[in-house]
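**Student:**
Protein chains: 2
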Amino acid sequence: MATTLSQIKRDFVEGLSQISRFWGFPKGMGAIFAVLYLSPTALSLDEIVERTGLTKGAVSTEVRTLARMGLVHRSTKLGDRKDYYAAETDFYAAIRSILQERQNSEFDHAVRSVKETLTRLEENWVENEEWNFVYERVKALQEFFDAIDSLAKAVIRLESLGLSNVTKILNVLK
Amino acid sequence: MATTLSQIKRDFVEGLSQISRFWGFPKGMGAIFAVLYLSPTALSLDEIVERTGLTKGAVSTEVRTLARMGLVHRSTKLGDRKDYYAAETDFYAAIRSILQERQNSEFDHAVRSVKETLTRLEENWVENEEWNFVYERVKALQEFFDAIDSLAKAVIRLESLGLSNVTKILNVLK
DNA sequence: TATTTCGTTTAGTAATTACTAAACACACAT
DNA sequence: ATGTGTGTTTAGTAATTACTAAACGAAATA
Chain A
42 MATTLSQIKR DFVEGLSQIS RFWGFPKGMG AIFAVLYLSP TALSLDEIVE
92 RTGLTKGAVS TEVRTLARMG LVHRSTKLGD RKDYYAAETD FYAAIRSILQ
142 ERQNSEFDHA VRSVKETLTR LEENWVENEE WNFVYERVKA LQEFFDAIDS
192 LAKAVIRLES LGLSNVTKIL NVLK
Chain B
42 MATTLSQIKR DFVEGLSQIS RFWGFPKGMG AIFAVLYLSP TALSLDEIVE
92 RTGLTKGAVS TEVRTLARMG LVHRSTKLGD RKDYYAAETD FYAAIRSILQ
142 ERQNSEFDHA VRSVKETLTR LEENWVENEE WNFVYERVKA LQEFFDAIDS
192 LAKAVIRLES LGLSNVTKIL NVLK
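The listed protein sequences correspond, in order, to chains A and B.
For the first sequence, counting from 1, position 4 maps to 45 in the working numbering; every step adds exactly one.
For the second sequence, counting from 1, position 116 maps to 157 in the working numbering; every step adds exactly one.
1) Determine the closest residue to A/K156 out of A/F186, A/F174, A/N169, A/E142, with distance taken between C-alpha atoms.
2) List the endpoints of the continuous beta strand (DSSP E) containing A/R115.
3) What is the rounded straight-line gap between the Cα of B/A188 and the Cα of A/V104?
4) Whether or not the segment 73-93 of chain B and the segment 149-166 of chain A are in contact is what I'm after, with contact meaning three or more pairs of Cβ atoms, one per stretch, closer than 8 Å; do they touch?
5) So for B/A75, helix, strand or coil by DSSP?
6) Can you name the residues that DSSP bridges to A/S85?
7) Please report the Cβ distance between A/V175 and B/K50, rounded to the nearest whole angstrom; I am assuming they are in contact, meaning their Cβ atoms lie under 8 Å.
8) Measure from the C-beta of B/Q183 to each C-beta in chain A and report whether the shortest distance is under 8 Å.
9) In chain A, what lies closer than 9 Å to B/K50 by C-beta?
10) Consult DSSP for B/T44 and reduce its assignment to one of helix, strand or coil.
11) Identify the contact partners of A/I197 in chain B, using a Cβ-Cβ distance below 7 Å as the criterion.
12) Return the residue from the list A/A99, A/S61, A/R115, A/G120 that minimises the CA-CA distance to A/L84.
13) With a cut-off of 8 Å, does the C-beta of A/E171 fall near any C-beta of chain B?
14) Check distances from the C-beta atoms of the segment 201-215 of chain B to those of chain A and list, in chain order, the residues that come in under 9 Å.
15) Within its chain, find whatever has a CB closer than 7 Å to the CB of B/L79; leave out the 5 residues flanking it on each side and keep chain order.
16) Quick one: is B/R178 near chain A, going by C-beta distance under 8 Å?
17) Excluding the 5 residues preceding and the 5 following A/L182 in the sequence, name in chain order all residues of the same chain whose CB lies nearer than 7 Å to its CB.
18) Among the candidates B/A195, B/T93, B/G111, B/E142, whose CA atom is the shortest distance from the CA of B/K68?
19) Could one say the Cβ of A/V152 lies closer than 8 Å to chain B's Cβ atoms, at least one of them?
20) Leaving out five residues on either side along the sequence, give the residues of the same chain with a beta carbon under 8 Å from the beta carbon of A/L86.
21) What residue does the alpha helix (DSSP H) around A/F185 start on, and which one ends it?
22) By DSSP, does A/D131 sit in helix, in strand, or in coil?
23) Less than 8 Å between the beta carbons of B/L211 and A/V196, yes or no?
24) Which term fits B/T158, buried or exposed, when burial requires 16 or more other beta carbons within 10 angstroms of its beta carbon?
25) Using a cut-off of 9 Å between C-beta atoms, extract the partners of A/P67 located in chain B.
26) Please name the residue in B/L95, B/T44, B/L119, B/S138 whose C-alpha comes closest to that of B/V113.
27) Judging by CA-CA distance, which residue of A/P81, A/W64, A/F63, A/G65 is the nearest neighbour of B/W172?
28) So, are the CB atoms of A/I60 and B/F148 less than 8 Å apart?
29) DSSP three-state label for B/G203, please.
30) I need the DSSP call for B/G212, collapsed to helix, strand or coil.
31) Here's the rule: buried if 16 or more other CB atoms are within 10 angstroms of the residue's CB, otherwise exposed. What is B/G120?
32) In the DSSP assignment, find the alpha helix (DSSP H) that holds B/L107 and state where it starts and stops.
33) With a threshold of 8 Å between beta-carbons, can B/Q141 be considered close to chain A, or not?
34) Do you know offhand how far B/Y133's Cα is from B/E200's?
35) Do A/P192 and B/L214 have their C-beta atoms closer together than 8 Å?
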């Protein structure tokens, strides 16, 4: 049972698929990214189809959302009608892109709804114990979300420093 | 159309449900947490059932995973056979707890599989261009995961400083 | 021991999500 | 204009996940 490169690759693709699924993305998306990531050259849609075992339709849509997230890049060759896809290798850039994408997402809408709850509580204020209690709790949650958000932005802003350097600095702090 | 407290609460519960779903948790889990979070007193399983509209079975299992994640706490009253549940209000503590929980999870297993790919590449080394290429790529990914992990740990370690203070410090850096 | 009151488990259903197969649309080449 | 090689869309299916209803078990009470 020789450990061939293609075997190792297959296992890697499998691993990224699971990670993808864990993060709430289709596992096919992870597979597509993995295949592109391990390829030295950009791949056409049909090559991705071949290497992942998915159908053209699935690859077409999923590679597009990957592109929207900035995790892959689409390119073309002159005199060739095919599109070619390559994995983004700068993960910090990808994160930044994903966070931007997130701004318009269902998620941010939901987070905003917490903020909105707060406003409604303020605008229809009734001075009693329960109202006060609810207000304090919702406010605390909203502040937490804000804190996370600011932290993420701060880290992204320091991208050029390198994530591990940022970590080192933090570790010195206390 | 008066904006009553119970209306506001319902909307809040709805909001957290969506957030929960976005993060890949059942939306019922979000609803349960929200209900507990807005309650000044700990609630029994049946009270949660009543306020969320879920069944006892669903609440039983989901409240348990919430407890495992450290997002709610189970308690009992003397001379009362019921269990009572209350929301954790220290979110930083909750995050820490979730990250610990994660150690044993399917996710970490998957992340470890990347590390494992790397080892296999090293152990069966073949000196050629492709092998080298794949190795470099996998290594970069593994280092990225490591960096994220260290960063998370560093932030958690600074919990007592307050998340927003950490953010402030980071913002001064550059 | 039988009964009540609680939480858990289980087996099945509903709802959602990922994916397939195939039709389609567009651009280019002949 | 017709045919060929692309990527996209769509309608349906498979697989997964969240949830329900109801049986069960355990512990306290009668």
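The beta carbon of each residue, even a glycine, is placed where N, CA and C say it ideally should be.
What you are looking at is a predicted structure, and each value in this text was computed from that prediction instead of being measured.
**Tutor:** Result, derived from the coordinates:
1) When A/F186, A/F174, A/N169, A/E142 are compared, the shortest CA-CA separation from A/K156 is found for A/F186.
2) 113-117
3) 26 Å
4) Contact between the segment 149-166 of chain A and the segment 73-93 of chain B is not established, with fewer than three Cβ pairs separated by less than 8 Å.
5) B/A75 falls in the helix class under three-state DSSP.
6) Paired residue(s): A/Y125.
7) 7 Å
8) no
9) T158, V175
10) coil
11) The premise fails here: A/I197 is roughly 10 Å from chain B at the closest Cβ pair, so nothing lies under 7 Å.
12) A/R115
13) When Cβ-Cβ separations below 8 Å define contact, A/E171 makes contact with chain B.
14) S201, L202, G203, L204, S205, V207, T208, K209, I210, L211, N212, L214, K215
15) K50, F53
16) yes
17) Spatial neighbours of A/L182 in its own chain (CB-CB distance under 7 Å, excluding positions within 5 residues in sequence) are listed in chain order as V155.
18) Across the set B/A195, B/T93, B/G111, B/E142, the C-alpha of B/T93 shows the shortest separation from the C-alpha of B/K68.
19) yes
20) K97, V100, S101, V104, K123, D124, Y126
21) 170-198
22) coil
23) It is a contact, given that the beta carbons lie within the stated cut-off.
24) buried
25) In chain order: nothing, as chain B lies at least about 12 Å away.
26) B/S138
27) A/P81
28) yes
29) coil
30) Position check: residue 212 of chain B holds Asn in this sequence, whereas Gly was assumed. Helix.
31) Counting Cβ neighbours within 10 Å, B/G120 comes out exposed, since fewer than 16 surround it.
32) Under the DSSP assignment, B/L107 falls in the alpha helix (DSSP H) whose first and last residues are 97-109.
33) no
34) 7 Å
35) It should be noted that the sequence gives Leu, not Pro, for residue 192 of chain A. No, Cβ-Cβ distance for A/L192 and B/L214 is not below 8 Å.
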